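Note that the numbering used here has the sequence shown beginning at 3, numbered continuously upward. Here is the structure we will look at.
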Amino acid sequence: MDIAAIAAQLEHTGYIILDKPLLDKLVAQLLTRCQHDEPSRFHAAHVGRGTDKKLIHSLRGDVIDWLDAANSTDRAYLLCMEELRLGLNAALYLGLFDYECHYAIYGAGAGYARHSDVLVGKRNRILTTVLYLNEDWQARDGGELVVFEPTGDGIIATVNPTFGKMIIFLSDGFPHEVLISHNTRRSIAGWFRASGS
Ligand code: OGA
Ligand code: MN
Numbered sequence: 003m004d005i006a007a008i009a010a011q012l013e014h015t016g017y018i019i020l021d022k023p024l025l026d027k028l029v030a031q032l033l034t035r036c037q038h039d040e041p042s043r044f045h046a047a048h049v050g051r052g053t054d055k056k057l058i059h060s061l062r063g064d065v066i067d068w069l070d071a072a073n074s075t076d077r078a079y080l081l082c083m084e085e086l087r088l089g090l091n092a093a094l095y096l097g098l099f100d101y102e103c104h105y106a107i108y109g110a111g112a113g114y115a116r117h118s119d120v121l122v123g124k125r126n127r128i129l130t131t132v133l134y135l136n137e138d139w140q141a142r143d144g145g146e147l148v149v150f151e152p153t154g155d156g157i158i159a160t161v162n163p164t165f166g167k168m169i170i171f172l173s174d175g176f177p178h179e180v181l182i183s184h185n186t187r188r189s190i191a192g193w194f195r196a197s198g199s
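Written as C-alpha cells, this is what we have:
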C-alpha cells in the first residue's frame, strides 16, 4: 500500500478508492474465510437497540462475522491495517487508536439503506474502510456502494464491489448506501477508532 499517497488523498478529499491495494493471494484467502459455512458464525447486524427484526432487515440485509486474530488469514489482514493505521497517524496526526472489522455477506435482494457510520453513542469511529471480495462481479449484479456528499444528495462516487477494491473515507463525513445486490456480495467493513468515546 502506498500510504503516503493514501494520506495525501484523504487530506485533500476525505476519501480514496484503491483498485487493488492488497495482494490477490491475501484477498482470495479472505474470500475463503467469508463463507457462511457454520450456522454459528454469521449473524444479522444490529441497527440500534430495540428495532424490530423486520424493520432491521429492510434497512440492512447483511449478515456479519467479526475478524478473529486467532485465525492466520484474518491476522494477515489486520497486520496490513495496522501498518496503514501507523502510517496515517504519522502523516495526518489522526490519533487512530485501534481498528475493528467484520466480514459481511449480502444475499441476493439485500442492501443497506443510506446511513452514517458514526452512530449515536459511538462517536469514536474516525475512518471507514471497505474491502470487496467478489470475483467476476458484473454490473448487472448491482450492490454498488453509493457515497454522498457530506451535505445534500449529491453523489460523490458509485463503487462496484469488485475483487480486491478498497474504499477508505472519513466516517462522519460521508453518508452512504449499499444498493440492492442481485448476487451474493462479500466484503470486509472496518473502522479505525479514536480511543475512549
Ligand atoms: C457498512 C457499510 C458498505 C459496503 O457496513 O457500514 O456501509 O459497501 N458497508 O459494504
Ligand atoms: Mn456504513
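All C-beta atoms in this analysis are idealised placements derived from N, C-alpha and C, irrespective of residue type, glycine included. Note that the structure is a prediction, hence the values are computed from the model and not measured.
Cβ-Cβ separation between residue 91 and residue 98: approximately 5 Å, consistent with a contact (criterion under 8 Å). Nearest Cα to residue 163 within the set 17, 193, 148: 148.
For residue 26, no beta strand (DSSP E) run applies; the uninterrupted alpha helix (DSSP H) run containing it begins and ends at 26 to 35, by DSSP.
Of the other Cβ atoms in all chains shown, fewer than 16 fall within 10 Å of the Cβ of residue 197; this residue is therefore exposed. The DSSP assignment places 74 to 94 as complete runs of the alpha helix (DSSP H) inside the segment 67 to 134, in order along the chain (cut-off: 4 residues). Between the C-alpha atoms of residue 3 and residue 23 there is a straight-line separation of about 5 Å. Judged by beta-carbon spacing, residue 75 lies beyond the 8 Å limit of residue 43, meaning their Cβ atoms are not closer than that value. Here the C-alpha atom of residue 174 lies approximately 7 Å from the C-alpha atom of residue 118. Residue 119 has its Cβ nearer than 7 Å to a heavy atom of the ligand MN. Distance from the CA atom of residue 189 to the CA atom of residue 100, rounded to whole angstroms, is 20 Å.
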